[in-house]
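Colleague: Numbering (the numbering used here), first residue to last: 4 to 288. Note that the Cβ used here is the ideal one computed from N, Cα and C, for glycine as well.
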Amino acid sequence: MTHAPSYKLAGVMGWPVAHSRSPLIHNHWIVENQPQPLKGAYVLLPVQPENLAQALRALPALGFAGCNLTIPHKVAAMSIVDRVDSLAQRIGAINTVVVEADGSLTGRNTDAFGFIQSLHDAQPAWRADNAASSAIVIGAGGAARAVLAGLLDAGVSEIRLTNRSPDKAQALAREFGSAIRPIAWAERHDALAGVSLLVNTTNQGMHGEPALDLRLDALPAHALVSDIIYIPLETPLLAAARTRGNPTVNGLGMLLNQARPAFEAWFGVRPTITPDLMQKILATL
Ligand code: NAP
């Protein structure tokens with residue numbers, strides 16, 4: 004069955020937003036999926052916090068299929084949209100808004116999917132539901148919430164969680180349940196013993212920040228090491244892990260994969276991450 008061509012808009016709402024790589028990703032997929040009946044554009048939407056409700060409510064009238072949300076709107080938007088799906092509620096933030104056929108707005112979060120898919124893409128042998136599977140997550144900020152939800156839903160049975168400010172790790176453990184075991188920040192080095200996955204969700208190691216202060220001596224040689232930072236692509240943590248022979252995953256796969264379900268929700272096509280798209284993104288880093 005063929006559909007009549009239709010023009011659809013999507014975009015990313017943030018403040019500031021000019022640095023976002025989402026237009027490059029989504030516009031690549033829009034062009035890649037032509038000449039199928041897919042016409043549209045993905046634009047930057049610089050929206051100040053005080054205008055967020057008005058801007059979101061205007062999406063249906065402007066012909067938008069939806070939008071992504073980035074800093075500082077991910078939490079505030081939850082009380083503006085008409086419904087928030089259960090995963091986004093658990094994560095406590097929305098990164099994707101979908102305009103429904105009746106003009107109502109649904110909030111979703113695709114970061115957990117993006118994170119887990121990036122592990123599978125980079126390391127197909129890693130199995131979350133393996134009986135021996137346990138993980139350690141460093142950091143308890145916004146990104147950690149999506150990582151924890153993703154790991155729990157994927158079947159990881161024990162997650163050690165450590166954060167510089169211990170109250171935040173303890174709060175997340177209470178919220179996400181007994182599979183999360185808070186670990187004192189001073190104990191983080193020894194707490195790597197026996198894990199099959201280590202994830203850095205702090206900003207330590209990001210361009211302009213010092214390296215994450217973490218000794219890898221106790222980490223099993225086969226453990227997968229993931230850093231969700233993507234600038235630089237290889238953080239000091241990943242370099243140290245690679246040097247001692249651990250498999251590693253950088254944050255670029257999470258960035259690209261979180262965009263896929265959003266694109267599908269707006270444009271009706273599940274896009275793929277081709278070498279061509281990867282090259283385009285790498286050229287901007
Ligand atoms: P956030 O909510 O501000 O959380 C920051 C985290 O870093 C907190 O756990 C914080 O600990 C920790 N931290 C900051 N300074 C530290 C220090 N000096 N020593 C130890 N820990 C420190 O930020 P976020 O939104 O979660 O983002 C975190 C990182 O993830 C950023 O680098 C971001 O670029 C990256 N990220 C990547 C993707 C992707 O698609 N790849 C998606 C989202 C985020 P305290 O609680 O003690 O302050």
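Taking 8 angstroms as the threshold, find out whether the segment 84 to 101 comes into contact with the segment 221 to 240 through three or more Cβ pairs.
Modeller: no
Colleague: If you run the structure through DSSP and keep just helix, strand and coil, what is Thr246?
Modeller: The answer is helix: DSSP assigns Thr246 an H, G or I state.
Colleague: Would you mind stating whether Ala143 and Ala189 have Cβ atoms separated by less than 8 angstroms?
Modeller: no
Colleague: Could you compute how far the alpha carbon of Leu241 sits from the alpha carbon of Val150?
Modeller: 18 angstroms
Colleague: Rounded to whole angstroms, what is the Cα-Cα separation between Ile33 and Lys42?
Modeller: In a straight line, the C-alpha of Ile33 is about 7 angstroms away from that of Lys42.
Colleague: Please determine, among Gly158, Ala131, Val198, Phe270, the residue with the shortest C-alpha to C-alpha distance to Leu164.
Modeller: Val198
Colleague: Please report how far the alpha carbon of Thr287 lies from the alpha carbon of Ile232, in whole angstroms.
Modeller: 15 angstroms
Colleague: In the segment 161 to 203, which residue ranges form an unbroken alpha helix (DSSP H) of at least 4 residues, counting only runs that do not cross its ends?
Modeller: 169 to 179
Colleague: Which runs of the alpha helix (DSSP H) spanning at least 4 residues fall entirely within the segment 235 to 280, listed in chain order?
Modeller: Correct list: 239 to 246, 255 to 270.
Colleague: In the DSSP assignment, find the alpha helix (DSSP H) that holds Val150 and state where it starts and stops.
Modeller: 145 to 157
Colleague: Is Asn206 close to the ligand NAP? I mean its beta-carbon at under 7 angstroms from any heavy atom of the ligand.
Modeller: yes
Colleague: Buried or exposed: Ile119, going by 16 or more other Cβ atoms within 10 Å of its Cβ?
Modeller: Classification of Ile119: buried, given that the 10 Å Cβ count is 16 or more.
Colleague: From Leu12 to Ala68, what distance separates their C-alpha atoms?
Modeller: 6 angstroms
Colleague: Per DSSP, which residues does Thr10 bridge with? Please list them.
Modeller: The identity of residue 10 in the sequence shown is Tyr, whereas the question assumes Thr. DSSP, once it has assigned bridges, lists Lys42 as partnering Tyr10.
Colleague: How is the beta strand (DSSP E) around Asn71 delimited, first residue to last?
Modeller: For Asn71, the uninterrupted beta strand (DSSP E) segment begins and ends at 67 to 72.
Colleague: By Cβ distance, which residues of its chain are closer than 7 angstroms to Ile74, with the 5 residues on each side in sequence left out?
Modeller: Gly17
Colleague: Does DSSP classify Leu222 as helix, strand or coil?
Modeller: coil
Colleague: Hey, out of Gly180, Asn203, Ala182, Ser181, whose CA is closest to Leu191's CA?
Modeller: For the sequence presented, residue 191 should be read as Arg rather than Leu. Nearest of Gly180, Asn203, Ala182, Ser181 to Arg191, Cα basis: Asn203.
Colleague: Could you spell out the range, first to last residue, of the beta strand (DSSP E) harbouring Asp114?
Modeller: Not the beta strand (DSSP E): Asp114 falls in the alpha helix (DSSP H), residues 114 to 125.
Colleague: Would you decide whether Gln282 is buried or exposed? Buried here means 16 or more other CB atoms lie within 10 Å of its CB.
Modeller: exposed
Colleague: Between Val20 and Leu59, how many whole angstroms is the CB-CB distance? I'm expecting something under 8 angstroms.
Modeller: Contact doesn't hold; Cβ gap of about 14 angstroms is too wide.
Colleague: Hey, Ala268 and Asn249 are a contact pair by Cβ (cut 8 angstroms); roughly how many whole angstroms apart?
Modeller: Not quite, the Cβ-Cβ distance comes to about 35 angstroms (not below 8 angstroms), so this is no contact.
Colleague: From Leu285, Gln261, Ile284, pick the residue whose C-alpha is nearest to that of Pro274; which is it?
Modeller: Answer by Cα proximity: Gln261.
Colleague: Take the Cβ of Pro185 as the centre, count every other Cβ of all protein chains shown within 10 Å, and call the residue buried at 16 or more, exposed below.
Modeller: buried
Colleague: In the DSSP assignment, find the unbroken alpha helix (DSSP H) run with Val34 in it and report its ends.
Modeller: Boundaries of the alpha helix (DSSP H) harbouring Val34: 25 to 35, taken from the DSSP string.
Colleague: Can you give me the Cβ contacts of Ser107 inside the same chain, cut-off strictly under 7 angstroms, excluding the 5 residues immediately before and after it?
Modeller: Result list for Ser107: Asp85, in chain order.
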